[in-house]
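Enquirer: Numbering (our numbering) for the sequence shown: 5 to 645.
Just so you know, even glycine gets a beta-carbon here, dropped at the ideal spot from N, CA and C.
Model, not experiment: these values are computed from the prediction.
Mind looking over this structure? Questions follow.
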Amino acid sequence: MKPTTHSLAPFRRRGGSALIIALIVLTLLTAMIGAGFAYTDQVRRLGHRNQNLAATQAAAEGGLEYVFYAWRQWIRQNYGTRLPTREDFISQLPQDTPSDLHFLPPQGSDPTAPNYHAGLDGFAITRLQIDPLDENGAPVASDDDRPYLQISNVPDRPGIRGVSALYEVTARARRETLTGPLEVSIQRAIQQTKIPLFQFAIFYDDILEIHPGPGFDLNGLVHTNGQLYTAHNTLRINGYATMGDTWENNFAPGDPRRGNQNPTMPQFDQGEPQQVPTYNVMDVPAELLFDESDSNPNNDGYRELIEVPDADYEDPEEIAQRRFYNQAGLKILLDSTTDPPGLVVKRGDGSTVEPGSALYGEVADALSSGNFRDNREQSQVYVTNVDIQKLNEALALMPRDEDPAAGFNGVVYIADTGANADGSPSATPEGGSMKKGIRLQNGSVLPDGGLTIATDNPVYVQGDYNTGATGANVPSNRANNPDFTQPSAQNYDRESRPAAILADAVMVLSNAWSDANSSLGLSNRVAANTTINAAILSGIVPTNDGGNGRYSGGAENFPRFLERWSNVNFTYYGSMIQLFRSEQFDNPWLGTGSSANVYDAPRRRWFFETGFLAESPPGTLEAVVYSRGQWTLLQRGPATP
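Okay, structure coming up:
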């Protein structure tokens, strides 16, 4: 056989093909790996760029916060008397900074200022601008124009409206990177809103307790800066209820009923109470303004609003401009420790009205004195009676002017400066042996433009007040009394003026009150239907004050009662404000019934005075809120040339 031979050529061809395939695969793998590295590098660069953009954006946000802080401080340093223009800020706002945000407020300089210091080195703020806005929401035309004031809702505070000034803030931040400079521009609206406190049905700075015995329908907005406690029987709140702290359907700690009763859940027409930021009544936070530990008696707390300043000490401007003694267009200062009582009358500018003048004579004629037993205070009380109808005649001699230096502005300050002391029924009215108070009488008709009475003494309001009429047209004196939801009655048009009473405490004496019966039992002190139309600002005696284990009386007893009101109507149109504790009338709530011998609760027909939304009582009492809107991104990326 011939030997078989095999050629190696096909294998050589196959080997060459395999090599080519291997090279192709290797090339593809190399390309894929290269692409992977390129993609990874691109992702890395993109991630790094995004990190730089995020950091640059944070720097721009820091710029916005700086402007907000500086703007708010500027207003506060000018005591809220004016709003800044663009011109006011041009010299203050850095227009081009070096490598860091050194102009941000130092940490701790304001407890409410966010801290944007950390991690912002290497950035430059290339633009900061603040623009007051006009009525169309556009920047004002001139650098010295102020913002347009408008009525608006307040962010994060349901149901609240105020007078707002709006601004637009723009910030641009820049950062140099290896791939070129990056810039972020953002814009935000900020606003200052002044909120009249008299738009609340009830406003408390301290804890608010509402524990009515009989069914109670409360009409209007309710707020406390502290905790809210609701309990007992039937309670309905038809407006928004808010609190700065927490809400509990229970009695407050220190109330002996806490844990011993199972209170009924109230009816909230606008949903359960919501937590909101607290309100600063003095603009500046209370913890930065008040100091009871120093020697200055003029900066001790919100009660300064109703006190006469001590002339031997500085009166801080933030307090001084809101102090009702300073706001008053007519000041009446009494001293019941002398016989006859001393009387000094001053105009709004502080000038003394000469005795013997017509104005002095009319004021003196409107004043008289009396005394009776206050069973809650467990004391005889010496009162200065103010006949409102006669006071109106005195006020008619003064030109009406919003400026207290030019004329009467609707605010009267009256105070008995004699020392207070507990007394017995046999104590003499003159001298310092009795507690002191002011009593308003014949107050059914107030002067045009309204009237605010302010004092650091307790106030008694006797009979119908600010009803605009006398007799049968007052709703509580009619058979068809207003129901819980409709504050009106047939043939009654509420011809009232905006009014307020500010005092250490406010007591209601009905149309049937008798001084002679004040020391007798409840059966001899039977109330008659009575209507009051006025805002009330006064103090309270807190629950468990000094560990006494007693209830404060709650909002249902914010105006205090001294008669048997069972099945008798107390109709109230107004707004109730608590900012401090009572110092002169500080006896605790003693309860109801014959054993306490203080009062029996009325049928409460209580309504928020909707007229306050259009016209507040004379004098300034408002909270101030500074708020930020959502910011808008204008630019985010490579810097423009």
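1) Under the rule that 16 or more other beta-carbon atoms within 10 Å means buried, what is M511, buried or exposed?
2) Would Y469 and S448 be called neighbours here (beta carbons separated by less than 8 Å)?
3) To which residues of the same chain is T644 closer than 8 Å at the C-beta, ignoring the five residues directly before and after it?
4) Taking buried to mean at least 16 other C-beta atoms within 10 Å of its own C-beta, is P115 buried or exposed?
5) Could you please give me the residues that DSSP links to V390 through a beta bridge?
6) Let's test the definition: count the other Cβ atoms within 10 Å of the Cβ of S340 and tell me whether it reaches 16, buried, or not, exposed.
7) Output the boundary residues of the beta strand (DSSP E) element that contains I94.
8) Span of the alpha helix (DSSP H) holding F328?
9) Mind checking which residues open and close the alpha helix (DSSP H) that includes A324?
10) Report yes or no: do the stretch 167-177 and the stretch 129-144 share at least 3 C-beta pairs separated by less than 8 Å?
11) As a quick exercise: from T34, Y152 and G422, pick the residue whose alpha carbon is nearest that of T89.
12) So, does the stretch 518-527 touch the stretch 469-486, judging by three or more C-beta pairs under 8 Å?
13) So, V349 versus V367, is the Cβ gap smaller than 8 Å?
14) Rounded to a whole number of angstroms, what is the C-alpha to C-alpha distance between T228 and G558?
15) Taking M580 as the reference, give the member of P563, P592 and G243 with the closest Cα.
16) Return helix, strand or coil for P218, following the three-state DSSP convention.
17) Express the C-alpha separation of I536 and S430 in angstroms, rounding to a whole number.
18) Are there 16 or more other CB atoms within 10 angstroms of the CB of T268, so buried, or fewer, so exposed?
19) Let me know the secondary structure DSSP gives E626 once reduced to three states.
20) Using the three-state DSSP reduction, which class does E397 fall into: helix, strand or coil?
21) Do the stretch 627-637 and the stretch 279-289 meet, that is, are 3 or more Cβ pairs less than 8 Å apart?
22) In this structure, does DSSP put F156 in helix, strand or coil?
23) If contact is defined by three or more beta carbon pairs under 8 Å, each pair taking one atom from either stretch, is the stretch 373-380 in contact with the stretch 591-607?
24) Which of the three DSSP states, helix, strand or coil, is assigned to N253?
25) At the level of alpha carbons, what is the spacing between A531 and Q278?
26) Looking only at C-alpha atoms, which of D487, L513 and A509 sits nearest to D221?
27) Given that a residue counts as buried once 16 or more other Cβ atoms are within 10 Å of its Cβ, and exposed if not, what is L23?
28) Only counting the same chain, and skipping five residues up and downstream in sequence, which positions put a Cβ closer than 8 Å to that of A516?
29) Would you kindly work out how many angstroms separate the C-alpha atoms of G374 and S522, rounded to a whole number?
30) Any idea what DSSP makes of I24, helix, strand or coil?
Expert: For this structure:
1) Within the sequence shown, residue 511 is the residue found at index 507, counting from 1. Flag for M511 reads buried.
2) On the sequence shown, position 465 is the one that residue 469 refers to. On the sequence shown, position 444 is the one that residue 448 refers to. Yes, they are a contact pair.
3) Taking the sequence shown and counting its residues from 1, the one referred to as residue 644 is at position 640. Within the same chain, and ignoring the five residues on either side of T644 in sequence, the residues whose Cβ sits closer than 8 Å to its Cβ are E187.
4) The residue given as residue 115 occupies position 111 in the sequence shown. Low confidence applies to P115: its pLDDT is 41, below 50, so where it sits in the model is not reliable, and the reading given next is rough at best. When all chains shown are included, P115 counts as exposed.
5) What you label residue 390 is simply residue 386 of the sequence shown in a count that begins at 1. L371 and L444.
6) Reading the sequence shown from its first residue, position 336 is the one you call residue 340. Buried: at least 16 other Cβ atoms inside 10 Å.
7) As a working note, residue 94 is residue 90 in the sequence shown. Note, I94: premise wrong, no beta strand (DSSP E); alpha helix (DSSP H) at R90 to I94.
8) Taking the first residue of the sequence shown as 1, we reach residue 328 at position 324. Where F328 is concerned, the enclosing alpha helix (DSSP H) stretches over F328 to Q331.
9) Here residue 324 refers to the residue found at position 320 when the sequence shown is read from its first residue. Where A324 is concerned, the enclosing alpha helix (DSSP H) stretches over E321 to A324.
10) yes
11) Numbered from 1 along the sequence shown, position 85 holds the residue referred to as residue 89. Cα-wise, what sits closest to T89 is Y152.
12) The stretch 518-527 makes no contact with the stretch 469-486, as fewer than three CB pairs between them are under 8 Å.
13) Within the sequence shown, the letter at position 345 stands for residue 349. Within the sequence shown, the letter at position 363 stands for residue 367. Result yes, Cβ atoms of V349 and V367 sit closer than 8 Å.
14) Numbered from its first residue, the sequence shown carries residue 228 at position 224. Numbered from its first residue, the sequence shown carries residue 558 at position 554. Between T228 and G558, the alpha-carbon positions lie close to 13 Å from each other.
15) To locate residue 580, count along the sequence shown from 1; it is residue 576. That would be P563, whose Cα lies nearest to the Cα of M580.
16) Indexing the sequence shown from 1 puts residue 218 at position 214. Coil.
17) Taking the first residue of the sequence shown as position 1, residue 430 is located at position 426. Taking the first residue of the sequence shown as position 1, residue 536 is located at position 532. Reliability of the predicted coordinates at S430 is poor, the pLDDT of 43 falling under 50, and the value obtained from them is presented with this limitation in mind. Each residue's Cα considered, the two are about 32 Å apart.
18) Here residue 268 is taken as the residue at index 264 of the sequence shown, counted from 1. When all chains shown are included, T268 counts as exposed.
19) The count along the sequence shown starts at 1 and reaches residue 626 at position 622. The answer is strand: DSSP assigns E626 an E or B state.
20) On the sequence shown, residue 397 is found 393 positions in, with the first residue counted as 1. In this structure, E397 counts as helix in the three-state DSSP scheme.
21) A contact exists between the stretch 627-637 and the stretch 279-289.
22) Within the sequence shown, residue 156 is the residue found at index 152, counting from 1. Residue identity differs from the one stated: residue 156 is Ser in this sequence, not Phe. Collapsing the DSSP output to three states places S156 in a strand.
23) yes
24) To locate residue 253, count along the sequence shown from 1; it is residue 249. In the structure shown, N253 sits in coil (DSSP, three-state: anything other than H, G, I, E or B).
25) Along the sequence shown, read from residue 1 onward, the residue named residue 531 stands at position 527. Along the sequence shown, read from residue 1 onward, the residue named residue 278 stands at position 274. Roughly 38 Å between the two C-alpha positions.
26) If you number the sequence shown from 1, residue 221 lands on position 217. Of D487, L513 and A509, the residue nearest in Cα terms is D487.
27) Here the question's residue 23 lines up with position 19 in the sequence shown. L23 comes out exposed.
28) Taking the sequence shown and counting its residues from 1, one reaches residue 516 at position 512. Result list for A516: V530, A531, A532 and E567, in chain order.
29) Indexing the sequence shown from 1 puts residue 374 at position 370. Indexing the sequence shown from 1 puts residue 522 at position 518. Taking the straight line from one Cα to the other gives about 12 Å.
30) Locating residue 24 in the sequence shown gives position 20, where the first residue counts as 1. Helix.
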